[in-house]
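Have a look at the structure below before the remarks.
Residue numbers (the working numbering): 59 to 180.
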């Protein structure tokens, strides 16, 4: 799981929360740092802040897609709106989540996102 959030304290708290749930999380303080990591394209999913330093969540997702990454992505924001949600969906984000809801819903949303991205057994 990739995590890109510019605020160190928020990034660390989210990383610990996801790791505590058993996920392997690589956390970055900027979109440019994430995109410079060649291991990023092997990640199962992405959680990106819409205001990530060194770019934004939209640029991070586009950069990963340009490199052939096809995983699910979650955009987190402090400015949730219908317009942002529509823009995020059109850009390829699976879900948009208000930062105010992260404590309550992050792990559940990430679990569902990753499960829906897995190929079903036939």
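We treat Cβ as the ideally placed atom computed from N, Cα and C, and that holds for glycine.
Candidates the options, of which the one nearest residue i by Cα
i, options, result
"residue 161", "75, 59, 63 and 61", "75"
"residue 91", "114, 82, 142 and 103", "114"
"residue 259", "82, 168, 146 and 73", "Outside the shown range of the chain, which is 59 to 180, sits residue 259, and nothing can be said about it."
"residue 150", "66, 105 and 169", "105"
"residue 65", "73, 81, 77 and 87", "87"
"residue 183", "143, 169, 144 and 100", "Lying before the first or after the last residue shown, residue 183 is absent from the chain, which here runs from 59 to 180."
Close Cβ partners of residue i (< 6 Å) along its chain, the five nearest in sequence each way excluded
i, result
"residue 165", "79"
"residue 179", "Note that residue 179 scores 45 on pLDDT, short of 50, meaning its location in the model is unreliable and no value can be drawn from it."
"residue 63", "69 and 107"
Short Cβ contact (7 Å threshold) for residue i with residue j
i, j, result
"residue 129", "residue 89", "no"
"residue 153", "residue 132", "yes"
"residue 155", "residue 134", "yes"
"residue 157", "residue 141", "no"
Beta-carbon proximity list for residue i, same chain, < 7 Å, skipping 5 on both sides
i, result
"residue 172", "102, 103 and 130"
Collapsed DSSP secondary structure at residue i in the structure displayed
i, result
"residue 88", "strand"
"residue 81", "coil"
"residue 95", "coil"
"residue 168", "helix"
"residue 62", "strand"
Neighbourhood of residue i by C-beta distance below 8 Å, restricted to the same chain and skipping five residues each side
i, result
"residue 98", "60, 84, 92, 122, 125 and 127"
"residue 95", "84 and 86"
"residue 163", "155"
"residue 73", "61, 83 and 85"
Any beta strand (DSSP E) of 3 or more consecutive residues that is wholly inside the stretch 106-154 | DSSP runs (the beta strand (DSSP E)) wholly in the stretch 106-154: 131-135.
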